[in-house]
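Colleague: Dumping the structure here so I can ask a few things about it.
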Amino acid sequence: MNRDTRAANYLFIAFCAVALTLLILPTTGKVRQLRALAGYLVEPLPYHGDRLAARLEGVPEGAARLIRRDVELLEARRLLQEAELLKAELAALKADNERLSAAAGLKPLAGRGVRWARVMERDPQNWYRSVMIDAGEEQGLRLNAPVVGIEGSTLGVVGRVTEVNPRTSKVLLLSDELSAMAAYLPAHGWEGLVQGQGTPFLRMNYLPVDAKFAVGDEVHTSPTSASFPPGLPVGRISRVFERDPFLAFQAVEVERLVRASKLKEVLVLVPVTEAAIAGPPEPAPAPKKAGAK
Amino acid sequence: MRVLEAAVLFFGGLAAHWLASTQLSFWGLSPHVLFVLTLGAAAAVGPVQGQCLGFFWGLALDALSSHVFGANALGFTLTAYAVGMLRRQMDTASPPSQMVLAAATVPLYALYYGLAGSVFEHRFLWPGWASFLLDPVYTAFLAPAAFGAAKRFLRP
Numbered sequence: 001m002n003r004d005t006r007a008a009n010y011l012f013i014a015f016c017a018v019a020l021t022l023l024i025l026p027t028t029g030k031v032r033q034l035r036a037l038a039g040y041l042v043e044p045l046p047y048h049g050d051r052l053a054a055r056l057e058g059v060p061e062g063a064a065r066l067i068r069r070d071v072e073l074l075e076a077r078r079l080l081q082e083a084e085l086l087k088a089e090l091a092a093l094k095a096d097n098e099r100l101s102a103a104a105g106l107k108p109l110a111g112r113g114v115r116w117a118r119v120m121e122r123d124p125q126n127w128y129r130s131v132m133i134d135a136g137e138e139q140g141l142r143l144n145a146p147v148v149g150i151e152g153s154t155l156g157v158v159g160r161v162t163e164v165n166p167r168t169s170k171v172l173l174l175s176d177e178l179s180a181m182a183a184y185l186p187a188h189g190w191e192g193l194v195q196g197q198g199t200p201f202l203r204m205n206y207l208p209v210d211a212k213f214a215v216g217d218e219v220h221t222s223p224t225s226a227s228f229p230p231g232l233p234v235g236r237i238s239r240v241f242e243r244d245p246f247l248a249f250q251a252v253e254v255e256r257l258v259r260a261s262k263l264k265e266v267l268v269l270v271p272v273t274e275a276a277i278a279g280p281p282e283p284a285p286a287p288k289k290a291g292a293k
Numbered sequence: 294m295r296v297l298e299a300a301v302l303f304f305g306g307l308a309a310h311w312l313a314s315t316q317l318s319f320w321g322l323s324p325h326v327l328f329v330l331t332l333g334a335a336a337a338v339g340p341v342q343g344q345c346l347g348f349f350w351g352l353a354l355d356a357l358s359s360h361v362f363g364a365n366a367l368g369f370t371l372t373a374y375a376v377g378m379l380r381r382q383m384d385t386a387s388p389p390s391q392m393v394l395a396a397a398t399v400p401l402y403a404l405y406y407g408l409a410g411s412v413f414e415h416r417f418l419w420p421g422w423a424s425f426l427l428d429p430v431y432t433a434f435l436a437p438a439a440f441g442a443a444k445r446f447l448r449p
């Protein structure tokens, strides 16, 4: 046996003896307290979560309480940070709620139910043509259902549903060139046809040549409209076109009350039927498309 | 000078262990830095210095632990003695063999610590399956660096 091996053996015996002595001897409360506090200061991770109770087992009450309170404080700080995030989210939801509450003050429409939907997509190639909304057949939407929107606290016609998928729908906007609807001027009673022009403005045709009206007059949906309930605001006259002597009617430009570019949510008016009250139908596998009119 | 370098390794090891336990820990897993440094020291310079460092590193760990006082000191001493005595019979120079040595001994050490708890604290100190199975892997990845540091500071 060489010198190094002998030294290693002696050291081994000595260290083992010391370690075993430490293992056997009971530690006093003060030593346990110091160990727990030093351990928590240097390596706090094992004291968090469900291991806390196991780690504090046997630790004198003073040190255990101190560690427990610190763990609780850190947890409270974490929860406070989460609460700040929730507060910001709540403020955004509150603003949404106030906007929607103002909009919800609309008069109930006989025989029609209302479904809220969010605008989820626009076609950049055809900005004034259509929007996709996040409600579909499962929410009770039907083809040709009228769609109204809210800008501030103003309600106005937006368009109608022309494609229904299980959970989404396409809304053909009034500003699309293929859109048309019967409308009238409530101030004078004249009726005409409002048509889209592919611009933010609409055109109202077929007003009698002897009709009198002025810029700012309101335009509402007509009682003779096949798709829209009567009396819904559409817009205001923004310009009276010069009368064409070759035409047997007058035309005006209508500025919409609800601009498509500001749409975030829409109200889809759905017929209230027994089936609709009973619940939404089974989702259809393929979308249905309506002809544009 | 060698004493100074050993002291640097000792305190550097403690700092590295603290860093690994607090900053490099994820999913509740942390590498056994001091254990693998003890392996490296014993493999690099033999059982005498390995035991000295291992005993005091173990004592430091025991001071920071709320469980059996002295179990780490005894365990590290046993490990350093065994590795130091057997270092001529195994390859501890190449990183893969160092990783294998660390990966094999860490779970054995966890079992030893659990048994020490059952003898002196009357309950088996089980680290949990995740720690038992994955800590060796995590530690194995640090093994080449730990062996390198031990060799660098404890040149024979």
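Which chain is which? The protein sequence lines are A and B, in order.
Every letter in the first sequence is one number past the one before it in the working numbering, and letter 120, counting from 1, is 120.
Numbers in the working numbering are just positions in the second sequence, counted from 1, shifted up by 293.
Using N, Cα and C, we set each Cβ at its ideal position, and we do this for glycine too.
1) Alpha carbon to alpha carbon, how far is arginine 368 of chain A from aspartate 134 of chain A?
2) Taking Cβ-Cβ distances shorter than 7 Å, what residues in chain B pair up with aspartate 4 of chain A?
3) For the stretch 359-375 of chain B against the stretch 393-407 of chain B, are there 3 or more C-beta pairs whose distance is under 8 Å?
4) If you check the beta carbons only, do alanine 251 of chain A and methionine 204 of chain A fall under 8 Å apart?
5) What is the residue span of the alpha helix (DSSP H) that glycine 39 of chain A lies within?
6) Quick one: residues in its chain with C-beta nearer than 8 Å to the C-beta of tyrosine 128 of chain A, no 5 flanking neighbours on either side, listed in chain order?
7) Under 8 Å Cβ-Cβ, which residues of chain A neighbour alanine 366 of chain B?
8) For valine 71 of chain A, would you say it is in contact with chain B, using Cβ-to-Cβ distances shorter than 8 Å as the test?
9) Would you tell me roughly how many angstroms separate the C-alpha atoms of proline 324 of chain B and arginine 295 of chain B, rounded to the nearest one?
10) Along chain A, which residues have their Cβ under 9 Å away from the Cβ of glycine 363 of chain B?
11) Hey, is glycine 198 of chain A's beta-carbon within less than 8 Å of any beta-carbon in chain B?
12) Tell me which residue opens and which closes the beta strand (DSSP E) that alanine 117 of chain A is part of.
13) Does serine 238 of chain A come out as helix, strand or coil in the three-state DSSP assignment?
14) For glycine 291 of chain A, count neighbouring Cβ atoms within 10 angstroms of its own Cβ and tell me buried if that reaches 16, exposed if not.
15) Do valine 42 of chain A and leucine 317 of chain B count as a contact pair if the criterion is CB distance below 8 Å?
16) Which whole runs of the beta strand (DSSP E) in the stretch 166-228 of chain A are 3 residues long or more, in chain order?
17) Would you check if the distance between the CB atom of arginine 236 of chain A and the CB atom of valine 258 of chain A is smaller than 8 Å?
18) Does DSSP put glutamine 139 of chain A in a helix, in a strand, or in coil?
19) Which value, in whole angstroms, describes the spacing of the CA atoms of glutamine 125 of chain A and aspartate 210 of chain A?
20) Between leucine 80 of chain A and glutamate 72 of chain A, what straight-line distance do the alpha-carbon atoms span, to the nearest angstrom?
21) Which residues bound the alpha helix (DSSP H) around serine 387 of chain B?
22) Starting from serine 424 of chain B, follow the alpha helix (DSSP H) in both directions and report where the run begins and ends.
23) Is it right to say asparagine 165 of chain A is buried, meaning 16 or more other beta carbons lie within 10 angstroms of its own, or is it exposed?
24) How close, in whole Å, do the beta carbons of phenylalanine 249 of chain A and proline 208 of chain A come, if the pair is a contact with beta carbons under 8 Å?
25) Please list the partners that glycine 39 of chain A has in chain B, where partner means a Cβ-to-Cβ separation under 7 Å.
26) So what does glutamine 250 of chain A bridge to, in DSSP terms?
27) Check whether the stretch 376-391 of chain B and the stretch 49-66 of chain A are in contact - that is, three or more C-beta pairs closer than 8 Å.
28) Can you tell me whether glutamate 89 of chain A is helix, strand or coil according to DSSP?
29) What does the alpha-carbon distance come out to for the pair glutamate 191 of chain A and glutamate 84 of chain A?
30) Do leucine 427 of chain B and leucine 322 of chain B have their CB atoms nearer than 8 Å?
31) What's the C-alpha gap between valine 215 of chain A and valine 194 of chain A?
32) If you follow the beta strand (DSSP E) that glutamate 265 of chain A is part of, which residue opens it and which one closes it?
33) Out of A/Gly29, A/Gly189, A/Trp116, which has the shortest C-alpha to C-alpha gap to glycine 313 of chain A?
34) Keeping to the same chain, check which residues put their C-beta closer than 7 Å to that of glycine 279 of chain A; ignore five residues upstream and five downstream.
35) Mind checking valine 301 of chain B: buried by the 16 CB within 10 Å criterion, or exposed?
36) Under a three-way DSSP split, which group does glutamate 57 of chain A fall into?
Modeller: With the structure as the only source:
1) The question about residue 368 of chain A has no answer here: the residues shown for chain A are numbered 1 through 293.
2) For the purposes of this step, residue 4 of chain A is taken as residue 4 along the first sequence, with counting starting at 1. Here the neighbours are Gly339, Val341.
3) yes
4) Translated into positions along the first sequence, residue 251 of chain A becomes position 251. Translated into positions along the first sequence, residue 204 of chain A becomes position 204. Yes; because the gap between Cβ atoms is below 8 Å, this pair is in contact.
5) Locating residue 39 of chain A in the first sequence gives position 39, where the first residue counts as 1. Unbroken alpha helix (DSSP H) run through glycine 39 of chain A: 29-42.
6) Position 128 of the first sequence, counted from the start, is the residue given in the question as residue 128 of chain A. These residues qualify, in order along the chain: Leu173, Ser175, Asp176, Gly196, Gly198, Thr199, Pro200, Ala260.
7) Within the second sequence, the letter at position 73 stands for residue 366 of chain B. Neighbours of alanine 366 of chain B on chain A, chain order: Phe15, Val18, Ala19, Leu22.
8) Residue mapping note: residue 71 of chain A aligns to position 71 of the first sequence, counting from 1. By this cut-off, valine 71 of chain A is not an interface position.
9) Residue 324 of chain B sits at position 31 when you count from the first residue of the second sequence. Residue 295 of chain B sits at position 2 when you count from the first residue of the second sequence. Approximately 27 Å, taken between the alpha carbons.
10) Stepping through the second sequence from its first residue, residue 363 of chain B is reached at position 70. Result: Val18, Ala19, Leu20, Thr21, Leu22, Leu23, Ile24, Leu25.
11) Locating residue 198 of chain A in the first sequence gives position 198, where the first residue counts as 1. Closer than 8 Å: no.
12) Counting from 1 along the first sequence, the entry for residue 117 of chain A is found at position 117. From DSSP, the beta strand (DSSP E) with alanine 117 of chain A extends over 112-122.
13) Your numbering for residue 238 of chain A matches position 238 in the first sequence. Of the three classes helix, strand and coil, the one that applies to serine 238 of chain A here is strand, per DSSP.
14) Taking the first sequence and counting its residues from 1, the one referred to as residue 291 of chain A is at position 291. The pLDDT assigned to glycine 291 of chain A is 41, lower than 50, so where the model puts this residue is not dependable; a value taken from the coordinates is nonetheless given after this. It is exposed - the Cβ of glycine 291 of chain A has fewer than 16 other Cβ atoms within 10 Å.
15) By one-based count along the second sequence, residue 317 of chain B stands at place 24. By one-based count along the first sequence, residue 42 of chain A stands at place 42. For leucine 317 of chain B and valine 42 of chain A, no; Cβs fall outside 8 Å.
16) 169-173, 180-184, 191-196, 201-207, 218-221
17) Taking the first residue of the first sequence as position 1, residue 236 of chain A is located at position 236. Taking the first residue of the first sequence as position 1, residue 258 of chain A is located at position 258. No, the pair does not count as a contact, with Cβ atoms beyond the cut-off.
18) On the first sequence, residue 139 of chain A is found 139 positions in, with the first residue counted as 1. Reduced to three states, the DSSP call for glutamine 139 of chain A is helix.
19) Stepping through the first sequence from its first residue, residue 125 of chain A is reached at position 125. Stepping through the first sequence from its first residue, residue 210 of chain A is reached at position 210. Distance between the alpha carbons of glutamine 125 of chain A and aspartate 210 of chain A is about 40 Å.
20) In the first sequence, the residue the question calls residue 80 of chain A occupies position 80. In the first sequence, the residue the question calls residue 72 of chain A occupies position 72. C-alpha separation (whole angstroms): 12 Å.
21) As a working note, residue 387 of chain B is residue 94 in the second sequence. From DSSP, serine 387 of chain B is part of no alpha helix (DSSP H); its letter is neither H nor E.
22) Numbered from its first residue, the second sequence carries residue 424 of chain B at position 131. Looking at the DSSP string, the run of the alpha helix (DSSP H) that includes serine 424 of chain B is 422-446.
23) For the purposes of this step, residue 165 of chain A is taken as residue 165 along the first sequence, with counting starting at 1. Flag for asparagine 165 of chain A reads buried.
24) As a position in the first sequence, residue 249 of chain A is number 249, starting the count at 1. As a position in the first sequence, residue 208 of chain A is number 208, starting the count at 1. Contact holds; Cβ gap of about 7 Å.
25) The residue you call residue 39 of chain A lines up with position 39 of the first sequence. Within 7 Å Cβ-Cβ: Leu357, Ser358, Ser359.
26) Taking the first sequence and counting its residues from 1, the one referred to as residue 250 of chain A is at position 250. Answer is A/Leu207, bridged to glutamine 250 of chain A.
27) no
28) Residue 89 of chain A sits at position 89 when you count from the first residue of the first sequence. DSSP places glutamate 89 of chain A in helix when its eight states are reduced to three.
29) Taking the first residue of the first sequence as 1, we reach residue 191 of chain A at position 191. Taking the first residue of the first sequence as 1, we reach residue 84 of chain A at position 84. Distance between the alpha carbons of glutamate 191 of chain A and glutamate 84 of chain A is about 55 Å.
30) Working through the second sequence from its first residue, we reach residue 427 of chain B at position 134. Working through the second sequence from its first residue, we reach residue 322 of chain B at position 29. For leucine 427 of chain B and leucine 322 of chain B, yes; Cβs fall inside 8 Å.
31) Taking the first sequence and counting its residues from 1, one reaches residue 215 of chain A at position 215. Taking the first sequence and counting its residues from 1, one reaches residue 194 of chain A at position 194. Straight-line Cα distance between these residues: approximately 16 Å.
32) The sequence position of residue 265 of chain A within the first sequence is 265, counting from 1. From DSSP, the beta strand (DSSP E) with glutamate 265 of chain A extends over 265-271.
33) Within the shown structure, residues of chain A are numbered from 1 to 293, placing residue 313 of chain A beyond reach of any answer.
34) Start at 1 with the first residue of the first sequence, and residue 279 of chain A comes out as number 279. Note that glycine 279 of chain A scores a pLDDT of 48, beneath 50, so its modelled location is shaky; the value from the coordinates is reported in the next line. Same-chain partners within the cutoff: there are none.
35) Within the second sequence, residue 301 of chain B is the residue found at index 8, counting from 1. Exposed is the call here.
36) Within the first sequence, the letter at position 57 stands for residue 57 of chain A. Glutamate 57 of chain A falls in the coil class under three-state DSSP.
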